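Participant: Pasting a structure below so you can have a look.
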Amino acid sequence: MIKIGLIGYGKAGQAVASVLREDPRFELCWVARGSSSEGVDGLPAVKLEAESFGDWLDAHPVDGIIDFSNPQAILGYGEAVRQRGIMVVTAISGYPPETLDYIRDLGRDIRIMSSPNITLGINFLLLAAQILRRIAPFADVEIVEQHFRDKPEVSGTARRIAEVLDVDDERITSLRLGGIVGHHEVIFGFPYQTVRLIHDSIRREAFGTGAAFAIEQLSRCETGFYTQDKLLMRVIREELQAEETLSAARAVSPDSSDHADPVPA
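The opening position of the sequence shown corresponds to residue 16 in this note's numbering, with each subsequent residue numbered one higher.
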């Protein structure tokens, strides 16, 4: 069982907590927040302060931390987890470049995953879009992102899609509407046809499923910096290698029934 501490307890953090608490692979041990140390839902809690967080980790040890707080938080706890070799999954959208550089530097000493959107569906979309882009580099590409009314900035996920597909941010169209959790669409325009890759987040618990996947996969990885799509590709690669090994074994040792002696008349 992997022991986990959760940083951030807003709407997304609460949804993540509910998923982790129902998964027998994990033990959610505590919650850290920026504003209060009052316990939540039966869990001990601590106010996230850089000066005292190391002492909290020593008193409440965990194997990994999942961060759904804000872009500044990791600057306060990063050195504490580096010194203790604790895994980190951070799903913050909108890290400034200098903070991303710091996160990558943490990867020299710990296992850390950072992606602006860690839902499994969006990262599968990302992989599929990269493959299609490589197959058809001449196709026009447009990215559409839709989110809840109060989200102010362009989606970090949309920016990530634009980055990996090597298209300008000007190709991103943003819509803000009530009732939408998150929608991303990549449109490929070919001569005589279009291809649309679409992902919709229906409930915030999708972030919890992605976080659970990421922390479980990190536990199997070597020290380093990872993204969610790279962890997903790691699983796909392992599945392909297992299938190739099985196919090779079948070729060397065909089913004995194929070579059985004929039954006498």
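C-beta atoms are modelled at their ideal positions from N, C-alpha and C, and glycine is treated no differently. Fair warning: this is a prediction, and the values are worked out from it, not measured in the lab.
(1) Relative to the C-alpha of Met248, which candidate in Ala151, Gly136, Glu178, Asp215 has its C-alpha closest?
(2) Spatial neighbours of Met16 within its chain, please: C-beta separation below 8 Å, excluding the five flanking residues on both sides.
(3) Roughly how many angstroms lie between the CA atoms of Ala88 and Glu253, to the nearest whole one?
(4) Let's see if you can read the secondary structure: which residues bound the alpha helix (DSSP H) around Gly239?
(5) Return yes when the Cβ of Ala173 is within less than 8 Å of the Cβ of Ile158, no when it is not.
(6) With DSSP run on the structure shown, which of helix, strand or coil describes Leu135?
(7) Label Ile118 either buried or exposed according to how many other C-beta atoms from any shown protein chain fall within 10 Å of its C-beta, with 16 as the threshold for buried.
(8) Can you check which of these residues, Arg175, Leu58, Ser33, is closest to Asp184 by C-alpha distance?
(9) Using the C-alpha atoms, what's the distance from Leu141 back to Glu178?
(10) Please state the DSSP three-state secondary structure of Ile176.
(11) Helix, strand or coil: which one does DSSP assign to Leu63?
(12) Nearest-angstrom Cα distance between Asn322 and Asn138?
(13) By the 10 Å Cβ neighbour count, where 16 or more other Cβ atoms means buried, how is Arg219 classified, buried or exposed?
(14) What separation, rounded to the nearest whole angstrom, lies between the Cα atoms of His75 and Ala221?
(15) To the nearest angstrom, report how far apart Glu160 and Thr188 are at their CA atoms.
(16) Apart from the five residues on each side of it in sequence, which residues of its chain come closer than 6 Å, Cβ to Cβ, to Leu190?
(17) Closest by CA to Gln145, which one among Leu180, Val169, Pro167?
(18) Helix or strand or just coil, what does DSSP make of Leu141?
(19) Hey, could you find the ends of the beta strand (DSSP E) Ser129 is sitting in?
(20) What are the boundary residues of the beta strand (DSSP E) that Phe205 is part of?
(21) In whole angstroms, give me the CA-to-CA distance for Val196 and Ser170.
(22) Would you list the one or two residues that DSSP bridges to Glu160?
(23) Output the distance between the C-alpha atoms of Ala266 and Ile251, rounded to the nearest integer angstrom.
Facilitator: This is what the structure gives:
(1) If you number the sequence shown from 1, residue 248 lands on position 233. Met248 has its Cα closest to that of Gly136, out of Ala151, Gly136, Glu178, Asp215.
(2) On the sequence shown, residue 16 is found 1 positions in, with the first residue counted as 1. For Met16, where only same-chain residues beyond five positions count, the Cβ hits under 8 Å are Pro39, Arg40, Phe41, Glu42.
(3) Counting from 1 along the sequence shown, the entry for residue 88 is found at position 73. Counting from 1 along the sequence shown, the entry for residue 253 is found at position 238. Answer to the nearest angstrom: the Cα atoms are 34 Å apart.
(4) Residue 239 sits at position 224 when you count from the first residue of the sequence shown. Counting along the chain, Gly239 sits inside no alpha helix (DSSP H); it lies in the beta strand (DSSP E) bounded by residues 239–241.
(5) Against the sequence shown, residue 158 aligns to sequence position 143. Against the sequence shown, residue 173 aligns to sequence position 158. Going by C-beta atoms, Ile158 is nearer than 8 Å to Ala173.
(6) Taking the sequence shown and counting its residues from 1, the one referred to as residue 135 is at position 120. For Leu135, the three-state secondary structure derived from DSSP is helix.
(7) Taking the first residue of the sequence shown as position 1, residue 118 is located at position 103. Buried, since its Cβ has 16 or more Cβ neighbours within 10 Å.
(8) Here residue 184 is taken as the residue at index 169 of the sequence shown, counted from 1. The option with the nearest alpha carbon to Asp184 is Arg175.
(9) What you label residue 178 is simply residue 163 of the sequence shown in a count that begins at 1. What you label residue 141 is simply residue 126 of the sequence shown in a count that begins at 1. Cα to Cα, the separation comes out at about 11 Å.
(10) Here the question's residue 176 lines up with position 161 in the sequence shown. The three-state reading of DSSP puts Ile176 in helix, counting H, G and I together.
(11) The residue labelled residue 63 in the question sits at position 48 within the sequence shown. DSSP places Leu63 in coil when its eight states are reduced to three.
(12) Look at the range of the chain in this structure, 16 to 280, and you will see that residue 322 is not part of it.
(13) Within the sequence shown, the letter at position 204 stands for residue 219. It counts as buried.
(14) Counted from its first residue, the sequence shown places residue 75 at position 60. Counted from its first residue, the sequence shown places residue 221 at position 206. Rounded to whole angstroms, His75 to Ala221 spans 27 Å at the Cα level.
(15) What you label residue 160 is simply residue 145 of the sequence shown in a count that begins at 1. What you label residue 188 is simply residue 173 of the sequence shown in a count that begins at 1. Between Glu160 and Thr188, the alpha-carbon positions lie close to 6 Å from each other.
(16) The residue given as residue 190 occupies position 175 in the sequence shown. Counting only residues of its own chain and dropping the five nearest sequence neighbours on each side, Leu190 has a CB closer than 6 Å to the CB of Gln161.
(17) Taking the sequence shown and counting its residues from 1, one reaches residue 145 at position 130. Considering only alpha carbons, the answer is Leu180.
(18) Against the sequence shown, residue 141 aligns to sequence position 126. Taken through DSSP and simplified to helix, strand or coil, Leu141 comes out as helix.
(19) Counting from one through the sequence shown, the residue named residue 129 turns up at place 114. Segment 126–129, the beta strand (DSSP E) holding Ser129.
(20) Reading the sequence shown from its first residue, position 190 is the one you call residue 205. Per DSSP, Phe205 belongs to the beta strand (DSSP E) from 197–205.
(21) For the purposes of this step, residue 196 is taken as the residue at position 181 of the sequence shown. For the purposes of this step, residue 170 is taken as the residue at position 155 of the sequence shown. About 12 Å.
(22) Start at 1 with the first residue of the sequence shown, and residue 160 comes out as number 145. DSSP, once it has assigned bridges, lists Ser189, His199 as partnering Glu160.
(23) One-based indexing of the sequence shown puts residue 266 at position 251. One-based indexing of the sequence shown puts residue 251 at position 236. Each residue's Cα considered, the two are about 23 Å apart.
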